[in-house]
Structure formats: C-alpha cells, structure tokens
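To keep things clear, I will list the structure first and then write my remarks on it.
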Amino acid sequence: MENQNNNLQELEELRSQVAEFKNRMEQQEIVSRRLLKEAMKGHVSWIKQMNIWGGVGELVILPLLVYVLRYIAGFTWLPIIALCIAMAIEAAFNFWNVSTIRDKHLALDDVLSVQQRLITFKRREKLYTFGILPFLLLWLVCIPFGFFHDTDIPFPSSDRLVVYCVFIVITSVVLSYVFSREMRSLNRAIKAIDEFAGKE
Numbered sequence: 002m003e004n005q006n007n008n009l010q011e012l013e014e015l016r017s018q019v020a021e022f023k024n025r026m027e028q029q030e031i032v033s034r035r036l037l038k039e040a041m042k043g044h045v046s047w048i049k050q051m052n053i054w055g056g057v058g059e060l061v062i063l064p065l066l067v068y069v070l071r072y073i074a075g076f077t078w079l080p081i082i083a084l085c086i087a088m089a090i091e092a093a094f095n096f097w098n099v100s101t102i103r104d105k106h107l108a109l110d111d112v113l114s115v116q117q118r119l120i121t122f123k124r125r126e127k128l129y130t131f132g133i134l135p136f137l138l139l140w141l142v143c144i145p146f147g148f149f150h151d152t153d154i155p156f157p158s159s160d161r162l163v164v165y166c167v168f169i170v171i172t173s174v175v176l177s178y179v180f181s182r183e184m185r186s187l188n189r190a191i192k193a194i195d196e197f198a199g200k201e
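Written as structure tokens, this is what we have:
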C-alpha cells in the first residue's frame, strides 16, 4: 500500500513537472512571438513610412513640377501629362502596396502568413520598380535632345550636359541605395520568420 502511495506521489510530481515545463515552453513561445513581431515592425516600419511619405511628396510636388516643366523649361504638354500620370500611379501603387503589410497584418499569430505577405510585397516592389525604369530612362534621355520642346533648341553645351549627367547619376545612386536597403530589410524579416518557424 505504501509502495502504491509512493508511486502515486511520484506520478503526481512528474505530472506537475511536465505541466510546469509545458507552461514555461508556452511562455517562452509567447515571448518569442512578441520579439518576432517587434522585429517585423522594426524591419518594415521605415519601408512603410518611406512609401507613404514618398507618395504624398509626389502628389504635393506635381503642380510645381507642371509649372516648372511647362512655363520655365518650355516642355510640350504630352511629356508633362505622361510624367504626371506615372507619378500618380506610383503614389497610388505605394499606398496600396503598403496597405498589405499594416501592423494588424504583422500582428497575426500565423507567422507563415506574415512571411507570405512580406514575400508578395517584395515581389510587387521589384516588378513595379523594374517595370517603370525603362519609362523613366527614356524620359530622361529625351530631355537634352529637346524632344519635349515646342521649338527647336540647340543641343546643350558640354558644361550643361555634364551637370545633367551628374544629376542623373546621383539620383540613380540614391534610388538604388534606397531600393537595395528596402530589399535587405525585407530579406531580414523573412529570414527571421524562417528561423522562428524552424524552432517551432
């Protein structure tokens, strides 16, 4: 009888230890998920801000851009309208794409769904960026040749052409840096989810 009591007591202790271990594991998983969510927000918060404020900035400068191109640079209306449409589409795309990775989406318990959202966001960003580049390059290349002006203008002087080329190079470097940083941040967020999922 005493032996049976000892066995029951040991069994109860074992159950208590298992319950305590399970409770600790659950608490650890909750903490891990919380840390993962904070990491997600850290990786993508600047991306969201950049896309939102970039879109707002594009829409705000549109009237000024129209004025400068038409009344100072003497451009015809067709390239101005084409550029305005491209910038409006860019802003609308940024707002929509960022709306797919809002905080409420990153707060989901299903981390694999969050990862899929980030992968899809990254794919759309790449496709859009590489899709609009040919249009922008063509638009920029046409400027020094006077294709967009009402009247014939002479080919720009070498000094002016150098300044123009330097401006294009600097702008391209800055945009390339921002784009590569965005891709790196998304890759880190996706990798963090992979590592978390591997521990589960």
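Numbering (the working numbering), first residue to last: 2 to 201. Beta carbons: idealized from backbone N, C-alpha and C, even for Gly.
Pull up the distance between the alpha-carbon of V179 and that of W78, whole angstroms please.
31 Å
From K97 to H44, what distance separates their C-alpha atoms?
Checking the sequence shown, residue 97 turns out to be Trp, not Lys. Roughly 19 Å separates the two Cα atoms.
Looking at T101: is its Cβ nearer than 8 Å to the Cβ of F122?
The beta carbons of T101 and F122 sit closer together than 8 Å.
What does the alpha-carbon distance come out to for the pair A190 and P80?
39 Å
Use the C-beta contact count for Q1: other C-beta atoms within 10 angstroms, 16 or more gives buried, fewer gives exposed.
Past the edges of the chain, shown from 2 to 201, lies residue 1, and the structure says nothing about it.
Straight-line Cα distance separating I73 from V32
For V32, the predicted structure reports a pLDDT of 46, less than 50, and the residue's modelled location is therefore unreliable. The matter cannot be settled from this model.
Where the alpha helix (DSSP H) containing A74 begins and where it ends:
No alpha helix (DSSP H) holds A74; DSSP gives it neither H nor E.
Own chain partners of M88 with C-beta closer than 7 Å, once the 5 adjacent residues on each side are dropped
E59, L63
Length of the line joining the Cα atoms of D119 and E91:
The question names Asp, yet the displayed sequence has Leu at residue 119. Computed Cα separation, rounded: 19 Å.
Rounded C-beta distance between I48 and S181? I'm assuming under 8 Å.
Rounded, the Cβ-Cβ distance is 12 Å, inconsistent with contact.
Range of the contiguous alpha helix (DSSP H) that encloses R118:
112-143
To the nearest angstrom, how far is it from the Cα of G56 to the Cα of A93?
Rounded to whole angstroms, G56 to A93 spans 7 Å at the Cα level.
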